[in-house]
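Taking it in order: structure first as structure tokens, then the write-up.
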Amino acid sequence: MNRAQPLVLGIESSCDETGVGIVRGTELLTNTVSSSMDEHVRFGGVIPEIASRAHLDAFIPTLDQALADAGVRLADIDAIAVTAGPGLAGALMVGVCAAKALAVATGKPLYAINHLVAHVGVGLLDQNAADGGTPGGSAQPGGAPQLPAHLGALLVSGGHTEILKINSLTDDVQLLGSTIDDAAGEAYDKVARILGLGYPGGPAIDKLARTGNGKAIRFPRGLSQPKYMGTAEEPGKHRYDWSFSGLKTAVARCVEQFEARGEEVPVADIAASFQEAVVDIITSKAVLACREHGITDVLLGGGVAANSRLRELTAQRCGSAGIRLHVPALNLCTDNGAMVAALGAQLVMAGKEPSDIGFAPDSSLPVTSVLLDA
């Protein structure tokens, strides 16, 4: 195996995207994704059984396309990496079983990795500045990109909202704060349903919010009261945590009040005000966590990282706090195989032992577990 510049195939199937990516060291060769999102639209959210069956149908064609796009053969691959968690149990099982089958058939080492940490690893790819992104890693003279020394990660998606401190990408990731109920993306989907905007809710609300007044309605910012926040000297239990369940309920009550009075519901203003509440509390708490934990660089990842207002306010507040913001290309923010391959390559280059073939996927895998052994 070439440990200096390993050729790694990454497999992602934690939710509704079947992703296969191939990297050589930190060079992205291909990022091939097949999404089943259209099959979930009529249900207003991802249906696990449908997602699992879609992965089964899509995996072989996606793998074949990825190998063709990268111009490599399966025999050329040095190692295989697969998302072992967190995610939907059935969806994870499809990807893990496929990866195990490939590993057994080819004799290649297999790395069972953490989906969330992979969102950070994508910042090391040489091509991550394409499509409007900004590089997450800095190139060293004559060497490959390196992650900044004091790095944090703000991950915002349909299933996760977390702020991390990355002491070491391959073996030391610290969870500083997370949502205690709905994730931000989940809240977007639920509020979009309340407003009659359809699924997925994130893009619909983001687009409509541009025509509304974000200050029209003051929606609650969950867990922002002093009893939850505490102080820098005596931090409260939820100082860096989020809660979006109450915000979702507040939007529903707001709509009900307009309808009860027989008034037209100002959908654009509600969408803009809801979005402002979400991005306000996410960015304020994330920047607070960074400042209090010595984080000088932060990477914004996850599907909701495509949200225009979140990008704008995160950049603004990070800039004011002297924190450098790194945002991968849009197609690398959402779930994909390239991020899995990227983290897998880092594990190979760090000399980490591959996972035992007997490991099982873990739908609740904690972010502190970067690599599963068995």
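274 is the number that full-length UniProt numbering gives to position 274 of the sequence shown; each next residue is one higher, with no gaps. Every residue, glycine too, gets a C-beta built ideally from N, C-alpha and C.
#### Entry: Euclidean distance between Cα positions of residue 385 and Ala286
Coverage of the chain is limited to positions 1 through 374, which leaves residue 385 absent and any answer about it impossible.
### Query
What residues are listed by DSSP as bridge partners for Gly337?
DSSP lists no partner for Gly337.
### Message
Taking the straight line between their C-alpha atoms, what separation do you get for Asp269 and Cys254?
### Response
Approximately 11 angstroms between the Cα atoms of the pair.
### Task
Would you list the residues sitting across from Arg311 in a DSSP beta bridge?
In the DSSP output, where bridge partners are listed per residue, Arg311 has none listed.
### Message
Can you tell me whether Ser35 is helix, strand or coil according to DSSP?
### Response
Strand.
### Query
Between Pro6 and Pro354, is the Cβ-Cβ spacing less than 7 angstroms?
Result no, Cβ atoms of Pro6 and Pro354 do not sit closer than 7 angstroms.
### Task
Write down the C-beta distance between residue 448 and Thr161 rounded to the nearest angstrom, noting that I regard them as a contact closer than 8 angstroms.
Residue numbering for the chain in the displayed model covers 1 to 374; residue 448 lies beyond these limits and cannot be assessed.
### Query
For Val23 versus Val8, is the C-beta distance shorter than 7 angstroms?
Result yes, Cβ atoms of Val23 and Val8 sit closer than 7 angstroms.
### Query
Which same chain residues, not among the five before or five after Ala51, have their C-beta less than 7 angstroms away from its C-beta?
Hits under 7 angstroms: Cys15, Asp16, Ser36, Leu88 and Ala91.
### Message
Looking only at its chain, what residues have a beta carbon closer than 8 angstroms to the beta carbon of Lys190, apart from the 5 residues adjacent to it on each side?
### Response
Excluding residues within five positions, the ones whose Cβ falls inside 8 angstroms are Asp182, Gly201 and Lys248.
### Task
Identify, in the order they occur along the chain, each residue of the same chain with its Cβ nearer than 7 angstroms to the Cβ of Ala271, setting aside the five sequence neighbours on each side.
Setting aside the 5 residues that flank it on each side, Ala271 is surrounded in the same chain by Leu195, Ile205, Leu208, Ala209 and Gly212, each with a C-beta closer than 7 angstroms to its C-beta; the list follows chain order.
### Query
Tell me which same chain residues have a C-beta within less than 6 angstroms of the C-beta of Gly10, skipping the five on either side of it?
Correct list, in chain order: Gly21, Ala81, Gly337, Val340, Ala341 and Gly344.
### Query
Excluding five sequence neighbours on each side, which residues of the same chain lie with their C-beta closer than 8 angstroms to the C-beta of Pro266?
Closer than 8 angstroms at Cβ, skipping near neighbours: Gly212, Ala216 and Phe258.
### Task
May I ask you to list the residues that DSSP assigns as paired with His326?
Its beta-bridge partners are Leu299.
### Query
Between which two residues does the beta strand (DSSP E) harbouring Ile194 extend?
Per DSSP, Ile194 lies in no beta strand (DSSP E); the unbroken alpha helix (DSSP H) holding it starts and ends at Ala184 to Ile194.
### Task
Going by DSSP, name the residue or residues bridged to Glu162.
Leu155 and Ser178.
### Message
I need the straight-line Cα distance from Ile77 to Met349, nearest angstrom please.
### Response
Roughly 14 angstroms between the two C-alpha positions.
### Query
What residue from Val104, Val96 and Leu151 has the CA that sits closest to Asn114's CA?
Looking at the Cα atoms, Val96 is the closest of the given residues.
### Query
At which residues does the beta strand (DSSP E) containing Arg24 begin and terminate?
Counted as a single uninterrupted DSSP element, the beta strand (DSSP E) harbouring Arg24 occupies residues Glu17 to Arg24.
### Task
Alpha carbon to alpha carbon, how far is Ile163 from Asp171? Give it in angstroms, no decimals.
Looking at the two C-alpha atoms, the distance is approximately 17 angstroms.
### CB contact flag (Leu124, Leu155, <7 angstroms)
For the 7 angstroms CB-CB criterion, Leu124 and Leu155 do not form a contact.
### Message
On the DSSP letters alone, give me the boundaries of the beta strand (DSSP E) that Gly85 sits inside.
### Response
Segment Ala79 to Gly85, the beta strand (DSSP E) holding Gly85.
### Query
For Val279, which option in Thr296, Ser308 and Glu264 has the closest C-alpha, if you only look at C-alpha atoms?
Of the listed residues, the one whose Cα sits closest to Val279 is Ser308.
### Query
In chain order, what residues of the same chain have a beta carbon less than 7 angstroms from the beta carbon of Ala315, not counting five sequence neighbours either side?
Within the same chain, Ala315 has close Cβ partners Leu325.
### Task
Select from Lys165, Ala103, Ala118 and Leu365 the residue whose C-alpha is nearest the C-alpha of Leu288.
The candidate whose alpha carbon is nearest that of Leu288 is Lys165.
### Residues bridged to Thr368 (per DSSP)
Looking at the DSSP assignment, Thr368 forms no beta bridge with any residue, so it has no partner.
### Task
Run the CB neighbour count on Val120, radius 10 Å, all protein chains shown included, and call it buried at 16 or more, exposed below.
Answer is buried; the Cβ neighbour count reaches 16.
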